[in-house]
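Novice:
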Amino acid sequence: MTKEEKNREYKRKYYEKNKEDCIERARLWSIENRERDRSNKRRSYEKNYEKNLEHRRIWQAANRGKYLELKKASYQKNIDTYKKWYQDHIRERVEYNKQYRKDNKEQIELYQKIYRDNNKESRNAYNREYYIKNRESEIKRSAIYSKSKKGRLVKQVCDNKRRGAEGSFTTEDIKNLYATQGARCYYCSISIEEGYHIEHMAPISKGGSNWIDNICLACVQCNLSKHDKTAEEFLACSFN
Ligand SMILES: [Zn+2]
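Residue 177 in the working numbering sits at position 150 of the sequence shown, with consecutive numbering throughout.
1. Taking the C-alpha atoms as reference points, what is the distance between lysine 111 and leucine 137?
2. Whole beta strand (DSSP E) runs in the stretch 33 to 81 with 3 or more residues, listed along the chain?
3. Along the chain, which unbroken stretches of the beta strand (DSSP E) at least 3 residues long are found entirely within the stretch 102 to 166?
4. Cβ atoms of glutamine 183 and isoleucine 141: under 9 Å apart, would you say?
5. What does the shell around ligand 1 hold, if a residue joins when its beta-carbon is under 7 Å from any heavy atom?
6. Count the CB pairs spanning the stretch 200 to 214 and the stretch 169 to 178 that are closer than 8 Å, and state whether there are at least three.
7. In its own chain, which residues sit with a C-beta less than 7 Å from the C-beta of lysine 93, not counting the 5 before and 5 after it?
8. Using a Cβ distance threshold of 8 Å, determine whether the stretch 183 to 196 contacts the stretch 227 to 239, with at least three qualifying pairs required.
9. For serine 216, list the residues DSSP reports as bridge partners.
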């Protein structure tokens, strides 16, 4: 045994014999030396941060139920502080969350999909119940939504899925297409900022698909006058 080890062993034995006394003396010392006590604790916290973190992780994994219980209890105990802090930092939080969602988009979408798949039935039941309880306001909300830009787009995407042709596209695809076309009609180049139709260049009735490479965005006029011509046929008879 080295000298240091002997020393430590001696201290440990002394502590065990005089435990209460030691604790009381330490308590008094920390009251009398508040600043030094704090800086000691801080230094030790920083020095052992990694080690403690690892210990905590191991303990939390082994005592998951208890950990969650403690976490919940602590949250309940400090709920007012948390709420106040949140209110005081609400702008930063909103910004932070926005950025976080942007940086972790794929991961979040994956989690959401897994959650949706695992909770299909309970979600449907909940949605049904919610709809029945809030029928009036839901009808109003959905009327407003279906007239909005996003609502119209989502409806068109869904309609096209339902039409039974092969392939599908997403609202994201349409947004990209909108940018690629520079917010102009595919056929006549007029601005489509006010609104556009999702157009199948080869019509579904003629075996065209729903894949995004068969889709373009057209102004209302072009879309309505194209009928079931292919893009080539329409361009040939309208602009030559
Ligand atoms: Zn047009």
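Built from N, CA and C at the ideal position, the CB exists for glycine as well.
Specialist: Looking at the atomic coordinates:
1. Distance between the alpha carbons of lysine 111 and leucine 137 is about 32 Å.
2. Counting whole runs of 3 or more residues, the stretch 33 to 81 contains no beta strand (DSSP E) stretch at all.
3. Segments of the beta strand (DSSP E) lying fully in the stretch 102 to 166: there are none.
4. For isoleucine 141 and glutamine 183, no; Cβs fall outside 9 Å.
5. Residues with a Cβ closer than 7 Å to any heavy atom of ligand 1, in chain order: Cys212, Tyr214, Cys215, Ile217, Ala245, Cys246, Gln248, Cys249.
6. No: the two stretches stay apart, fewer than three of their Cβ pairs being nearer than 8 Å.
7. Exclusion of the five residues before and after lysine 93 leaves no residue of its chain whose Cβ lies closer than 7 Å to its Cβ.
8. Verdict: yes, contact present.
9. Serine 216 pairs with nothing; no bridge assigned.
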